[in-house]
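Novice:
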Amino acid sequence: WPEESRIWPHLGINYVGTVARQEGYEVVLYDEFIQGRKPLKDLIRPGDIVGLSLVTTGIERGVKVAEEAKSLGASYVIAGNDSAMFRARQLLELPGRPIDAVFTSNSVGAIREFFRNADAVMGGSMQIEQVATAPEQVPYVSNEHSGVALERKTYTADDFFLVPDLSLFSEEYWDLVRNAYRSQFGHKHQDPGNVRNAIALLAQGCGRAGMGAICDYCTIRPVANVVLPPEGYLEETLAAYRAFGINTFFNVTDSAFEMGVLASQLQQLGPVDSLFIYGRAQMIANRPDLLERWKGCVSERLLINCGMDSGDERILQTGINKSGSKAGSRLEENFRALANIKAAGSKVHLDFSVIFGSPGETRESCESTLRFVQHAIDTLGEQLDVVEGDIFWVNFGAPCSEIFTSYEAAQKRAALAGKTISRDEWSHYFARHANALAVPEESQHAWYTFFTDITIEQAWAYNAQVREMVEQHPGHISGREFAFKPLIV
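If you count by the numbering used here, then the sequence shown holds residues 0 to 488, one letter each, in order.
1) With H, G and I counted as helix, E and B as strand and the rest as coil, what does DSSP make of residue 307?
2) Are the Cβ atoms of residue 429 and residue 390 separated by less than 8 Å?
3) Which of helix, strand or coil does DSSP assign to residue 57?
4) With a 10 Å radius around its C-beta and 16 neighbouring C-beta atoms as the bar for buried, classify residue 68 as buried or exposed.
5) Between the C-alpha atoms of residue 292 and residue 9, what's the straight-line distance to the nearest angstrom?
6) How is the alpha helix (DSSP H) around residue 238 delimited, first residue to last?
7) For the region 182-196 and the region 244-256, state whether three or more C-beta atom pairs, one from each stretch, are separated by less than 8 Å.
8) Secondary structure at residue 361, three-state DSSP: helix, strand or coil?
9) Cβ of residue 305 within 8 Å of Cβ of residue 283?
10) With a 10 Å radius around its C-beta and 16 neighbouring C-beta atoms as the bar for buried, classify residue 229 as buried or exposed.
11) For residue 494, collect the residues of the same chain with a Cβ closer than 6 Å to its Cβ; drop the 5 residues on either side in sequence, then sort them by chain order.
12) Going by CA-CA distance only, name the one from 411, 240 and 431 that's closest to residue 449.
13) Over what stretch of residues does the alpha helix (DSSP H) that includes residue 506 continue unbroken?
14) Just reading off the alpha helix (DSSP H) that residue 334 is part of, what are its end residues?
15) What are the boundary residues of the alpha helix (DSSP H) that residue 289 is part of?
16) How long is the line joining the alpha carbons of residue 23 and residue 59, rounded to whole angstroms?
17) Please classify residue 481 as buried or exposed, where buried requires at least 16 neighbouring CB atoms within 10 angstroms.
18) In the DSSP output, which residue or residues are listed as bridge partners for residue 389?
19) Short check: CB of residue 179 to CB of residue 6, under 8 Å?
20) Looking only at its chain, what residues have a beta carbon closer than 8 Å to the beta carbon of residue 97, apart from the 5 residues adjacent to it on each side?
21) Nearest to residue 36 by alpha carbon, out of 16, 57 and 300?
22) Is the Cβ-Cβ distance between residue 296 and residue 266 less than 8 Å?
23) Given that a residue counts as buried once 16 or more other Cβ atoms are within 10 Å of its Cβ, and exposed if not, what is residue 398?
24) Go ahead and label residue 16 buried or exposed: buried means 16 or more other beta carbons lie within 10 angstroms of its beta carbon, across all protein chains shown.
25) Within the chosen definition, does the region 352-366 reach the region 456-465 through at least 3 CB pairs nearer than 8 Å?
26) Please determine whether the Cβ atom of residue 62 lies at a distance below 7 Å from any heavy atom of the ligand GTP.
27) In the region 25-109, which residue ranges form an unbroken beta strand (DSSP E) of at least 3 residues, counting only runs that do not cross its ends?
28) Counting only runs of 4+ residues fully inside the region 248-282, write out the alpha helix (DSSP H) ranges in chain order.
29) Residue 198 bridges to which residues according to DSSP?
30) Give the secondary structure of residue 131 by DSSP, where H, G and I count as helix, E and B as strand, and everything else as coil.
31) Where does residue 299 sit, in a helix, a strand or coil, going by DSSP?
32) Using the C-alpha atoms, what's the distance from residue 223 back to residue 213?
33) Which same chain residues end up closer than 7 Å to residue 328 when comparing Cβ atoms and leaving out the 5 residues on each side of it in sequence?
34) For a quick check, are the C-beta atoms of residue 107 and residue 47 less than 8 Å apart?
35) In terms of residues, what are the limits of the alpha helix (DSSP H) holding residue 136?
36) Restricting to Cα atoms, I'd like to know which of 136, 256, 243 and 374 is closest to residue 301.
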């Protein structure tokens with residue numbers, strides 16, 4: 000078992016593989032995060048088209064894979080996923096051109112057009128709007144507000160929804176996924192040995208982002224495009240998953256909770272055993288009727304993943320940009336969301352996250368967050384599955400990444416911490432790294448120096464305290480660390 004075992008199969012490469020097979024290609028999918036590293040010579044043959052899904056934490060690893068793929072005779076290497084979109088120009092400018100093209104959107108249509116015209120694209124005679132093959136072709140792609148507003152106009156339902164061919168992953172792969180999931184979440188299920196879990200995309204977009212309020216750290220593209228699936232899609236998708244034995248669904252729509260129409264449609268199609276969805280504290284707090292509707296979609300358990308971020312009102316109001324509405328208390332909404340989860344009964348469970356290091360963070364605000372975590376543990380009992388502590392990660396493409404290109408944006412965040420940042424300091428720690436492939440460590444540390452009143456070391460220490468608190472909670476799941484825990488089978 001690899002130490003970096005994951006508990007969910009990779010839907011993105013499954014989508015790409017499904018389209019490729021539909022267009023007549025022989026397809027091999029390989030997921031390092033679940034299957035571990037394997038010699039590329041065992042996977043890549045001369046003439047192959049190699050597609051890479053690049054995540055923020057693995058973009059530099061992806062470049063090394065691309066370089067080796069080319070050395071093994073791959074005819075074309077193309078990169079996708081959100082991190083690739085945000086750094087498309089940088090990827091296409093790499094020495095030696097190990098990456099030939101970058102998908103600059105999540106459009107299923109663009110993927111299909113690529114495979115239908117791959118020979119022409121590879122020969123340089125076909126241009127696909129959302130596939131960049133040269134730095135000058137890269138469009139403006141960012142979760143900053145201007146970029147989101149521009150992109151929202153370009154998508155339709157056809158860009159998002161596809162019934163994936165689940166058989167593209169080997170049975171060995173599915174066994175790895177299921178055993179990893181059962182080892183961590185099995186005790187939360189009535190019949191752990193029969194749990195078969197998979198990711199599904201049952202709708203698209205986040206209602207908060209659709210209204211223009213995008214979390215400062217959000218790197219999900221295109222999160223502001225809120226789209227419900229076309230008629231027949233849900234029925235066909237659920238039928239395909241059920242035929243494959245899937246009974247535990249992770250709907251990766253961010254955020255699905257406020258999509259009442261979606262919940263009603265899922266209820267009509269009959270309950271699934273277990274369902275994971277993303278939700279917002281603001282909606283969970285203010286719409287208990289929607290909570291009841293979602294509960295009706297499951298026969299066993301509903302797990303809601305929610306970013307509650309902080310236990311401090313000031314941080315929630317000014318440091319997070321968590322809501323388009325500034326009316327009312329964000330902290331009170333967090334407390335009310337917990338109460339509503341509790342009142343919904345034993346079918347409903349919560350997985351929430353907190354961050355130590357938002358703009359303006361202090362030791363006092365961190366202590367408030369710890370008190371909130373303890374309140375959640377005391378309130379929810381067995382209905383609390385996971386509390387994930389984290390630092391504030393600065394990633395290119397997220398709204399916070401404007402600090403690399405705008406001195407004024409950096410000044411604004413520094414002011415939230417009662418600090419200043421000089422233009423020379425900004426140039427040294429941020430501006431000169433604006434075109435880096437990944438955010439360097441010195442910029443991550445500088446975030447804490449200039450925009451918070453704690454150090455990154457203190458942030459990690461607070462995360463350790465959250466972990467210790469949760470580990471004393473009976474029936475807990477350890478949080479993000481479950482993805483990296485070595486398994487014994």
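The beta-carbon is built from N, C-alpha and C at its ideal position, and this holds for glycine as well.
Specialist: Put simply:
1) Note: residue 307 maps to strand in three-state DSSP.
2) For residue 429 and residue 390, no; Cβs fall outside 8 Å.
3) If DSSP states are grouped into helix, strand and coil, residue 57 belongs with the helices.
4) Residue 68 should be labelled buried.
5) Each residue's alpha carbon lies about 28 Å from the other.
6) Under the DSSP assignment, residue 238 falls in the alpha helix (DSSP H) whose first and last residues are 232-242.
7) The answer is yes - the region 244-256 touches the region 182-196, with three or more Cβ pairs under 8 Å.
8) Reduced to three states, the DSSP call for residue 361 is coil.
9) Between residue 305 and residue 283, the gap from beta carbon to beta carbon is short of 8 Å.
10) Here residue 229 is exposed, its C-beta having fewer than 16 other C-beta atoms within 10 Å.
11) With the chain represented from 0 up to 488, any question about residue 494 goes unanswered, as that position is not in the structure.
12) When only C-alpha atoms are compared, the closest one is 411.
13) Since the first residue shown for the chain is 0 and the last is 488, residue 506 is missing from the structure and cannot be characterised.
14) Its alpha helix (DSSP H) spans residues 329-343.
15) Element bounds for residue 289: 287-294.
16) When rounded, the distance between both Cα atoms is 31 Å.
17) With a pLDDT of 43 at residue 481, under the threshold of 50, the predicted position of this residue should be treated as unreliable, and no value is reported.
18) DSSP, once it has assigned bridges, lists 354 as partnering residue 389.
19) Yes, these two residues count as a Cβ contact at 8 Å.
20) If we look at residue 97 and ignore the five residues flanking it on each side, its Cβ neighbours are 62, 65, 66, 68, 69 and 76.
21) For residue 36, the nearest C-alpha among the options comes from 57.
22) Yes. Within cutoff.
23) Buried, because 16 or more other Cβ atoms sit within 10 Å of the Cβ of residue 398.
24) Under this definition residue 16 is a buried residue.
25) The way I'd put it, the region 352-366 does touch the region 456-465; three or more beta-carbon pairs between them come closer than 8 Å.
26) With respect to the ligand GTP, the structure offers nothing, as it holds no ligand at all.
27) Within the region 25-109, the complete beta strand (DSSP E) runs of at least 3 residues are 48-52, 75-79 and 100-102.
28) Those alpha helix (DSSP H) runs which fall completely within the region 248-282 and span 4+ residues are 259-267.
29) In the DSSP output, where bridge partners are listed per residue, residue 198 has 249.
30) The answer is strand: DSSP assigns residue 131 an E or B state.
31) In the structure shown, residue 299 falls within a strand segment according to DSSP collapsed to helix, strand and coil.
32) Distance from the CA of residue 213 to the CA of residue 223, rounded to the nearest whole angstrom, comes to 8 Å.
33) If we look at residue 328 and ignore the five residues flanking it on each side, its Cβ neighbours are 312.
34) It is not a contact, given that the beta carbons lie outside the stated cut-off.
35) It is not in any alpha helix (DSSP H) - residue 136 carries neither H nor E in the DSSP assignment.
36) Of 136, 256, 243 and 374, the residue nearest in Cα terms is 256.
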